[in-house]
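Structure, as structure tokens:
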Amino acid sequence: MLVRRDTVTTRENVEELLISGDAVSFSSLRAEVVGCRKLVGGCWAVRSCQGCSELPRLCEDVEALARTLNPTHCSVPGTFEVEFYSGRVSLGSSVDLNTLARPLVELCREYSTSGYEVTAILRARRLLREIRGEASDEAVEEREVVEVSVGVRYGAERVSYGSSDYVFLAGVRRDVEKVMENLLRLARDRARARGRARRLNITEVGRAEVILIREASPALFHEVSHLLQGDLGTSLLGRRVFDHEKIYIYDSPGDVARPSVRFFDDEGVVTRRRWLVEGGTVVDLHHTIRTAYAARSSPGSAHGLFHKPRPFHTSLVVGGGDWREEELVEETKRGFLVDGIAAAFLEEGVIRIVPQAAYRVEGGEVKEPVVIRAIKVPLARPIRVLGLGRGEYVRFSYEDFAFTTEAAPPLKIEAYVEA
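Following this line, the structure appears as structure tokens:
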């Protein structure tokens, strides 16, 4: 039986600057959680606490917890091949939040004088993730990321809102001011579009051709990725999920260009590129040690240090298309274009995407903005992809158990429009 005990530490230092109207405020937070864990046949016993340093007692407690595990459910043998990471990695570099904030404060002031109410949050996170095994092996990751979120309120009689956000490894991007300009412009345009949007009439709802751009496209694939979690009890392996011969999806956790980059997962296992969908068909799933053994696959997708690990992607990448975004519009006689999302979730076998801004498309041209309550994509049959673009849009997602990114091209699908 596969048995391993380790101690884990996470430390988070957060500095946050809030810009709201003519006010600027600064706050900081520091938190540390330590724990002791024991892996028995693929099952974990975990004991943790915040702000304490009582590891010997925690490890005594975890031994008692481990004895309560059901051996019939924890059957991964010691011969199962698992490569645990050993080493130290540092991602990003230290930044001065006040220096980063100066251009953002000026930009917000300019927008405010033009009649927009702007709220912006600039946040720097310094994160430590440390897993130490009993055999003197250790996996240590230090990371510093910067998060920028902006919201724009527009109008007086008819108030509308728009937002946008971006996350990057600190010290990596040199064009931070340009990023901020683009975020504010995008949030402003979405707020203006929502303020001018007309309601759909009865003939415009129902099945339609829908073009997804910016965060809307990656959001669709994020929800599909949830169906590829190896611990769901029902496997989509071998099932066709997209009606498109060229579409492919893979998880690339080692991509250092993404702020979600990870060289080891939360079980301490080395991460590797994992092909998930080829030609529209599922060829592999996200796996922890336990689910990988059951599926005869490989682990490396575990998220969750202080609770039962869940398998999920780290840096999802979608490709296979060659259409220009303009061509997707030009080849649409009648349909809709969705720019960004307010929410996206999976509910009873249907992906629901709530747009931030949506536009009517007719005769190959983008027309006026419209109000769409939700775009619904049923999963009972393969998603019909009518056009797959090239290039990529990147979305950043905070799950309850993971921070992930998704990079996907613009695409046109058949979906259902709800007014």
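All letters in the sequence shown, in the order written, are residues 172 to 590 by our numbering.
Glycine included, C-beta positions come from ideal geometry on N, C-alpha and C.
Whole-angstrom distance between residue j and residue i, CA atom to CA atom
| i | j | result |
| --- | --- | --- |
| V433 | S261 | Sequence check: residue 433 is Arg here, not Val. The straight-line gap from Cα to Cα measures roughly 11 angstroms. |
| L499 | G366 | 26 angstroms |
| L240 | V204 | 24 angstroms |
| P581 | R495 | 9 angstroms |
| A216 | A514 | 34 angstroms |
| R369 | Y530 | 10 angstroms |
| R176 | C207 | 7 angstroms |
| L189 | V323 | 14 angstroms |
| L403 | L447 | 16 angstroms |
| R411 | A551 | 11 angstroms |
| L268 | P553 | 46 angstroms |
| P150 | D571 | The requested residue 150 is not part of the displayed model; the chain covers only 172 to 590. |
| E183 | S257 | 22 angstroms |
| V453 | Y564 | 22 angstroms |
| F413 | I384 | 18 angstroms |
| E585 | T178 | 49 angstroms |
DSSP beta-bridge partners of residue i
| i | result |
| --- | --- |
| Q112 | In this structure the chain extends from 172 to 590, so residue 112 is not present and cannot be described. |
| Y421 | W446, V488 |
| V525 | A514 |
| L582 | L383, L559 |
| S264 | For S264, which the question treats as bridged, DSSP gives no partner whatsoever. |
| K504 | Answer is none; K504 lacks a bridge partner. |
Sub-8 angstroms separation of residue i and residue j beta-carbons
| i | j | result |
| --- | --- | --- |
| I382 | V532 | yes |
| T263 | E312 | Here residue 263 is Gly; the residue named in the question, Thr, does not match the sequence. Cβ atoms of G263 and E312: not closer than 8 angstroms. |
| S199 | V185 | yes |
| V541 | L391 | no |
| R444 | S431 | no |
| E380 | G560 | no |
| G471 | V441 | yes |
| A473 | E497 | no |
| Y287 | R359 | yes |
| L357 | S331 | no |
| V276 | V195 | yes |
| L487 | H393 | yes |
First through last residue of the alpha helix (DSSP H) which encompasses residue i
| i | result |
| --- | --- |
| E539 | E539 -> not in any alpha helix (DSSP H); beta strand (DSSP E) instead, spanning 536-542. |
| P274 | 268-284 |
| L357 | 347-367 |
| P480 | Counting along the chain, P480 falls outside any alpha helix (DSSP H), and DSSP gives it neither H nor E. |
| E501 | 496-501 |
Heavy atom of the ligand GDP within 7 angstroms of residue i beta-carbon
| i | result |
| --- | --- |
| R356 | Absence of the ligand GDP is noted for the structure shown, with no ligands found whatsoever. |
Inter-residue CB distance, residue i and residue j (contact presumed, cutoff 8 angstroms)
| i | j | result |
| --- | --- | --- |
| G213 | R461 | 3 angstroms |
| V266 | G342 | 6 angstroms |
| T180 | L299 | 7 angstroms |
| F483 | S396 | 7 angstroms |
| G491 | Y419 | 5 angstroms |
| V321 | V289 | 7 angstroms |
| L293 | L355 | Going by Cβ atoms, the distance from L293 to L355 rounds to 12 angstroms, so no, they are not a contact pair. |
| R527 | I543 | According to the sequence displayed, residue 527 carries Gln and not Arg. That belief does not hold up - the Cβ atoms of Q527 and I543 are roughly 10 angstroms apart, past 8 angstroms. |
| A387 | D510 | 7 angstroms |
First through last residue of the beta strand (DSSP E) which encompasses residue i
| i | result |
| --- | --- |
| L559 | 554-559 |
| P549 | 545-549 |
| D336 | 331-340 |
| D571 | Looking at the DSSP string, D571 is not in any beta strand (DSSP E), and its letter there is neither H nor E. |
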